[in-house]
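J.:
Numbering (my numbering), first residue to last: 1 to 291.
Shown next, in the form of structure tokens:
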């Protein structure tokens, strides 16, 4: 088998940008995913991708880069979800649903206008991702955002873990539970909306939930689960980039398969494999070390 195409791929500037940006945000997504599972906020993550669709489509309408639209709408929505929601999960889900309905309405309008104004490619990029066509000037911004969010999350890991498991005890110990929740939602928004560049807004939560759910089956420590999920997500994105690059030669039409397809497929396969192994070895429950 000829593996020379790997060197050819690594010499390509679009592949280099895709690997750097994709792996960085995938690692952040793994860290965030550990808390998404712990806090039961998978629905909120999914809603933020839909809100991001609205922001990305709106950004293209006014000539902005789609990532800034994704990010701005996602961050505003994440804070709104936390401020409108109450202390219980049911109250948060109600607030999330209200914001989702509003975002979907504007999203439908913006996507329609994009199509009418000859921005059809913009709609495809928002919905399905565009990692190979990533603007090189965005890579430093994405790297900085991923690094800052990862450092912020690691800095508040222990108090956030306590607030996620036992909010009342956290308040007694002086943890600002509401502030922690808002900060986490902002980090989640950054991760989800940047994931949309990798897998599109339709599949952005795959990198948030999938690797974290897989890692949680094999470790009882949330920090270890987050790091393992981050590494697993980065490997998934790297493999997806190479597979997408090589897929150009798979069919006579010479059309590359989207990175988002390989991301979703690999996330599913790794989770399915972990489920099978967990049934054999016994599935550990995620535990939180309370400071």
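C-beta: ideal position from N, C-alpha, C; glycine also. Fair warning: this is a prediction, and the values are worked out from it, not measured in the lab.
Fully enclosed by the stretch 117-148, which alpha helix (DSSP H) runs are 4 residues long or longer?
T.: 120-128
J.: When DSSP labels each residue in this structure, what does residue 281 get in the three-state scheme?
T.: Position 281 of the chain shown holds residue 281. Helix.
J.: Would you kindly report the start and end of the unbroken alpha helix (DSSP H) that includes residue 17?
T.: Position 17 of the chain shown, counted from the first residue, corresponds to residue 17. It spans 13-39 - the alpha helix (DSSP H) in which residue 17 sits, taken as one unbroken run.
J.: For residue 71 versus residue 129, is the C-beta distance shorter than 8 Å?
T.: Taking the chain shown and counting its residues from 1, one reaches residue 71 at position 71. Taking the chain shown and counting its residues from 1, one reaches residue 129 at position 129. Their beta carbons are not under 8 Å apart, which means residue 71 does not touch residue 129 by this criterion.
J.: Straight-line CA distance for residue 151 to residue 144?
T.: Taking the first residue of the chain shown as 1, we reach residue 151 at position 151. Taking the first residue of the chain shown as 1, we reach residue 144 at position 144. If I take the Cα positions, the gap works out to 11 Å.
J.: To the nearest angstrom, report how far apart residue 127 and residue 172 are at their CA atoms.
T.: By one-based count along the chain shown, residue 127 stands at place 127. By one-based count along the chain shown, residue 172 stands at place 172. If I take the Cα positions, the gap works out to 44 Å.
J.: Taking C-alpha atoms, which residue in 274, 65, 225 and 60 lies nearest to residue 109?
T.: Your numbering for residue 109 matches position 109 in the chain shown. Checked all of 274, 65, 225 and 60; the closest Cα to residue 109 is 60.
J.: May I ask you to verify whether the stretch 37-53 touches the stretch 237-252, counting CB pairs closer than 8 Å and requiring at least 3?
T.: no
J.: If you draw a straight line from the alpha carbon of residue 51 to that of residue 37, how long is it in whole angstroms?
T.: Counted from its first residue, the chain shown places residue 51 at position 51. Counted from its first residue, the chain shown places residue 37 at position 37. The straight-line gap from Cα to Cα measures roughly 20 Å.
J.: Report the rounded CA-to-CA distance for residue 166 versus residue 76, giving the unit in angstroms.
T.: Along the chain shown, one-based indexing puts residue 166 at 166. Along the chain shown, one-based indexing puts residue 76 at 76. Roughly 26 Å separates the two Cα atoms.
J.: Identify, in the order they occur along the chain, each residue of the same chain with its Cβ nearer than 8 Å to the Cβ of residue 103, setting aside the five sequence neighbours on each side.
T.: Locating residue 103 in the chain shown gives position 103, where the first residue counts as 1. Cβ contact annotation for residue 103 (same chain, cutoff 8 Å, sequence separation greater than five): 47, 50, 51, 53, 54, 73 and 77, in chain order.
J.: Counting along the chain, where does the alpha helix (DSSP H) carrying residue 157 start and finish?
T.: Here residue 157 corresponds to residue number 157 of the chain shown, with the count starting at 1. Counting along the chain, the alpha helix (DSSP H) containing residue 157 begins and ends at 157-165.
J.: So for residue 46, helix, strand or coil by DSSP?
T.: Reading the chain shown from its first residue, position 46 is the one you call residue 46. Here residue 46 sits in helix by DSSP.
J.: If contacts are defined as beta-carbon pairs under 8 Å, then residue 210 and residue 31 qualify, I think. What distance do you get, rounded to the angstrom?
T.: Taking the first residue of the chain shown as position 1, residue 210 is located at position 210. Taking the first residue of the chain shown as position 1, residue 31 is located at position 31. No, residue 210 and residue 31 are not in contact; Cβ-Cβ is about 14 Å, not under 8 Å.
J.: Going along the chain, which residues of its own chain have a beta-carbon closer than 8 Å to the beta-carbon of residue 133, five neighbours each way excluded?
T.: For the purposes of this step, residue 133 is taken as the residue at position 133 of the chain shown. Excluding positions up to five away in sequence, the list reads 14 and 125.
J.: Indicate whether the contact test is met: 3 or more Cβ pairs, each with one atom in the stretch 231-242 and one in the stretch 260-276, closer than 8 Å.
T.: Because the criterion of three Cβ pairs below 8 Å is met, the stretch 231-242 and the stretch 260-276 touch.
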